[in-house]
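Beneath this line is the structure, given in structure tokens, with notes to follow.
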Amino acid sequence: MSVELLIEQLLNGLQLGMMLFLMAAGLTLIFGVMGLINLAHGSLYMVGAFACAAVATATGSFWIGLVASIAAAAAAGALMEVVVIRRLYERDHLDQVLATFALILIFSEGTRWLFGSFPLYLNIPPLLQGAVPLPGGGRYQLYRLALIGVGGGVALGLYLLISRTRLGMRIRAGESDREMIAALGVDIRTLYTVVFALGAALAGLAGAMVGALQSVQVGMGEPALILAFVVIVIGGIGSIKGALFGAILVGVVDTMGRFLLPKVLALALPPAQAGAIGAAIASMLIYIVMALILALRPRGLFSAQA
Amino acid sequence: MKKILTASIVGLSMTVAGLAFAEPVKIGVITTLSGGGAGLGVDMRDAFQLAIKQSGNKDIELVVEDDAQKPELAVQIADKMIQSDKVDLMTGIIWSNLAMAVVPSVVAQDIVYLSPNAGPSALAGAKCNKNYFNVAYQNDNFHEAMGQYANKDYKKTFILAPNYPAGKDSLTGFKRYYKGELAGEIYTQVGQTDYAAEIAQIRDSGADSVFFFLPGGMGIAFMKQYAQSGVNIPVLGPSFSFSQDVLPAVGDAALGVKNSASWSHDLDNEANKNFVEAFKAEYKRLPSIYAAQSWDTANLIVSALAKASVKDKDAFRAALKAADFKSVRGEFTFNTNQHPIQNIYVREVVKEDGVLTNKIIATAFEKHGDAYADQCKM
Amino acid sequence: MTRETAVNTGLALLLVAFPLAAQAMGEPFYITLATRAAILALAAVGLNVALGLGGLVSFGHAAFFGLGGYAAGILSTHAFNAEPLFLGFEGTASMPWIWLVAAVLCGLVALPIGAISLRTAGVYFIMITLAFAQMIYYFAVSWPAYGGEDGLSIFVRDTFPGVNTALPLPFFLICYALLLGGLALFWLLRGSRFGAALEGARQNPVRLAAVGIAPFGIRLTAFVVSAMVTGVAGALFADLNKFVSPSMLSWQMSGELIVLIILGGKGRLFGPVAGAMLYVLIEYVLGGITERWQFFLGLVLLMVVLFARGGLLGLLAGKARHG
């Protein structure tokens, strides 16, 4: 095994982590500010991917599709908040689970109704095709590097938004004391809608960018949703920093597990068997890591509400 | 008097001749019409309905229900179709794990089941059943064909499949006929969407070819990421990731890929030409292999109904087993385990008039059966 | 008799009258449907011990439902093929033994899962239980011995002394009896000192600790009992379908069990029963009308949560007595 391959795999893990971060950031923001468990976050990811694929096919431009995906997911998110979610803030988590579970069913079948039963086509833009040389030899795919860049950029942007802007101040205030900021004259209903739409837009962005690598199809959101939940729980719910750290941890652990476990087992077992057992353990690995972390730190690594 | 007698004899013989047609027949179709795998089920259902319509047999009634790709739901629907709708025959299931859930109990109740797609090895071998007819393929077939074909050009193949029974059957099938060495063998996670780690290993392995079996969205994701990665080792695979339902989503990344199947839309026979034309005219799209297999299943049923009453189980099973219909796959007969003996072709993905599709370039096997028929004691 | 008791009695009678009527009319499928509702209700009654009494929202109860199913599948496969299991143990096709094994197995698995998960609370608890269920799910998918993703068929339904379980109605009655047993257990637990302690642990753990009861032990017991009941339901579900597969272990299944409870009414004895009956009915009716049934199922569930707070029982029997 060469050093270049190891570096490439670490980058693959980092890239997977950055994509998970985009999903997880919105989820953790919504939970932190509104205290809402949103199972339908994966549906917003799917909306982003479908919007991007449909618009990119119609216009021939991935970039217009990308803008459309953010707009469509934010609009779907705002609509979802105003029509349904708004009524759930005062309820307990169970009602939120049921309502957003119902939204998953509605969005999945609704999307199939609109776009048909077959997966859609979406490819990476010509500008980002090809690979670039890495320092120290080896090459890495440009699009995946761009994904890492976008993830990092969004993390920085969110940090600045929350620590430096008026909206961010209100979000922080909303996290710590809801009644107080309402008493201070902040329109809390609008604030919630804006935060929800922001989280949705991030999910839509993730859906569009991952959609270019994967299959744009109904049901694509739920696996991403489960992973995003793992991420925010590891990181500490409500913490953007925790989401970033958790996402990178999950991305790297998952990728390296898939890559290394069969090789390690192959030292002791015949290859076919080592492959199968290694793959089985690799698929359980992130959940094992999550259980270990929560057993040691029951509120995740960077809990915002300690 | 004589006249009346003749008339009544004519009338009598007409009823006898018409008997096979005049009796209503109910066919239960359980298939996947919602969720990510709905495309396969929709193609299967559309072709089935069209074939029944074209056959002119007005006495066939279809009961179609969506299994949402959930085994427990499929079992419940099967119970309903048998106990409540009182269907005479069943068909429609796309996925192996759903077939394994439904088929054993259906055939045990003496209902004939015809598989239009899945062919798990358990049902082909020791657990074969006189009421189970597979009109599609045994699961190993396409992979065996690819292993056979790979011998021609390649000596060092990298193989990968998901870590579940169909995935293991696939790699076993490939290795059964492949004589070269393996550059690597990877089992991926079920439902995995990111293949960067696997592609990096393929690049690193020094392989001269890659064989993969990743059905549904997994295959689309793999092909796109493989093409984007710039690795240009030739790719081989069974037809599932290069079928007409997914090709548009894979895009030009699929161009030139060799894949194995028992059917292609350019297969040169009369029945196939009619089928492709009729399907295109009705649904404004090219049919997939699922549509083709389903079309054959429907026509097989129609041919058997013309010979025997569905109520006379023995005669009806014999009529099915004769496979006296014009298959779109050309020559088609049933093996001793009631699985197909058919040619398996190698196809290449090409672009015709701006549409991605397949064209036959070789025949991997002629009159190919399966490896489990010997274990079937029927 | 309070209004809730009347509604509960009505539901219990309806659930048993329906298959009897179906039997009389020669429509055995409706017996199967009622059996499905009864089994799902039992699984949800199990979950309700943790969720309703203890306030422990487990998003991983599919793990126990599936393990119970696999206990039935594996024991009966070994009995059918006359292969010894391990350590000289034999398989068995006798339901009481299978239920016992399913319950003990689920209890043993729930013990460490609960011990670790109960260190957390709130959303963290929801997610850590999900994580454990996902581990078991992926293990089942990739473990080849018992079919992996393809699942495991039970060729002949397991037996119960003196009853022909192959017929739909006797099998329904077995499931119904177990459901009543599960409800009785729930009712007894709720009224007992243990139930009061559990209630206390839910509402004010500090006060409970002050009177010398450790909330941890109480909660862990509730979690383990809950898992055992759900495990028995899983064994029945495998026998109903004559099939068990990893989809019984999936997170969607865990979600469905929670949905059943909320749909029927949280914190209610008969909440899971009402929820399961309604869910199975909606699924069946919509599935027969349109292939877009999941869309309308989603709409119905949404309407219930938005406009019928307290679920079906909230509508029928008024507000719950306690929160």
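Residue numbers (the numbering used here), protein chains in the order written: chain A, -6 to 299; chain B, 8 to 385; chain C, 20 to 342.
Positions of the beta carbon are idealized from the N, C-alpha and C atoms, including for glycine.
Counting C-beta atoms within 10 angstroms of its own C-beta, G43(B) has 16 or more neighbours from the protein chains shown and is therefore classed as buried.
Counting the other Cβ atoms within 10 Å of the Cβ of K77(B) gives 16 or more, which makes it buried. The contact set of G274(C) on chain A, defined by CB atoms closer than 7 Å, consists of F94 in chain order. G29(C) is outside the set of residues whose beta carbon lies under 8 Å from a beta carbon in chain A. Within chain B, the C-beta atoms nearer than 8 Å to that of G166(C) come from M107 and P172, in chain order. DSSP links M153(B) through a beta bridge to no other residue. Between G53(A) and L115(A) a beta carbon distance of about 12 Å is seen, past the 8 Å cut, so the two are scored as non-contacting. A direct Cα-to-Cα measurement between F179(C) and A185(C) gives close to 10 Å.
A straight-line Cα-Cα distance of about 9 Å links G271(A) and A259(A). Note that the C-beta distance between L331(C) and L279(C) is not below 8 Å. Against chain B, the beta carbon of T248(A) has neighbours under 9 Å at D201, A203 and A204, listed in chain order. Under a criterion of Cβ atoms nearer than 7 Å, the residues of chain C adjacent to S103(B) are, in order, D169.
Under the three-state reduction of DSSP output, E373(B) falls in the strand class.
Counting only unbroken stretches of 4 or more residues, the alpha helix (DSSP H) elements lying wholly within the region 133 to 177 of chain A are 135 to 157, 159 to 169 and 171 to 176, in sequence order. With a minimum length of 4 residues, the unbroken runs of alpha helix (DSSP H) contained wholly in the region 212 to 262 of chain A fall at 214 to 228 and 233 to 259.
Under the Cβ criterion (8 Å, minimum of three pairs), the region 82 to 94 of chain B does not count as touching the region 43 to 61 of chain B. Along the region 44 to 70 of chain C, going in chain order, the ones with a CB nearer than 7 Å to a CB of chain B are E46, P47, F48, T51 and R55. Proximity of the region 11 to 28 of chain A to the region 139 to 156 of chain A meets the contact definition, three or more beta-carbon pairs being nearer than 8 Å.
Interface flag for E192(B) against chain C is unset, since no Cβ pair is found closer than 8 Å. About 7 Å separates the Cβ atoms of F99(C) and V175(C), confirming a contact at the 8 Å cut-off. Of all residues in the region 142 to 164 of chain C, the ones placed with a Cβ closer than 9 Å to any Cβ belonging to chain B are Y157, V160, S161 and P163, in chain order. Among the residues of the region 88 to 113 of chain A, those with a Cβ less than 9 Å away from any Cβ of chain C are D88, Q89, V90, L91, A92, F94, A95, L96, I97, L98, I99, F100, S101, E102, G103, R105 and W106, in the order of the chain. By the CB criterion at 8 Å, A82(C) and I155(C) fall inside the cutoff. Taking a C-beta cut-off of 7 Å against chain A, the contacting residues of the region 303 to 325 of chain C are R311, Q313, F314, L316, G317, L318, L320, L321, V324 and L325, listed in chain order. In this structure the region 109 to 116 of chain B does not lie against the region 146 to 166 of chain B, because fewer than three pairs of beta carbons, one per stretch, are closer than 8 Å.
Rounded to whole angstroms, the gap between the alpha carbons of V292(C) and I97(A) is 24 Å. Contact annotation, P294(B) with N141(B): C-beta distance approximately 20 Å; criterion of less than 8 Å not satisfied. In the structure shown, the three-state DSSP call for G174(B) is helix. It is roughly 10 Å from the alpha-carbon of A285(B) to the alpha-carbon of N279(B).
In the three-state DSSP reduction, E355(B) falls in the strand class (E or B). Nearest neighbour of F191(C) by Cα position, chosen from L32(C), L202(C), A53(C) and G307(C), turns out to be A53(C). Residue range S103 to A115 is occupied by the alpha helix (DSSP H) that includes N104(B), with no beta strand (DSSP E) assigned at that position.
The residues V32, K33 and V317, in chain order, have a CB closer than 6 Å to that of D95(B) in the same chain once the five nearest residues on each side in sequence are set aside. Distance check between T309(C) and each of V362(B), P245(B) and A75(B) places A75(B) closest, using alpha-carbon atoms only.
Comparing alpha carbon positions, the residue from L191(A), A69(A), L153(A) and A42(A) closest to A18(A) is L191(A). Straight through space, the alpha carbons of S245(C) and N67(C) are spaced by roughly 7 Å.
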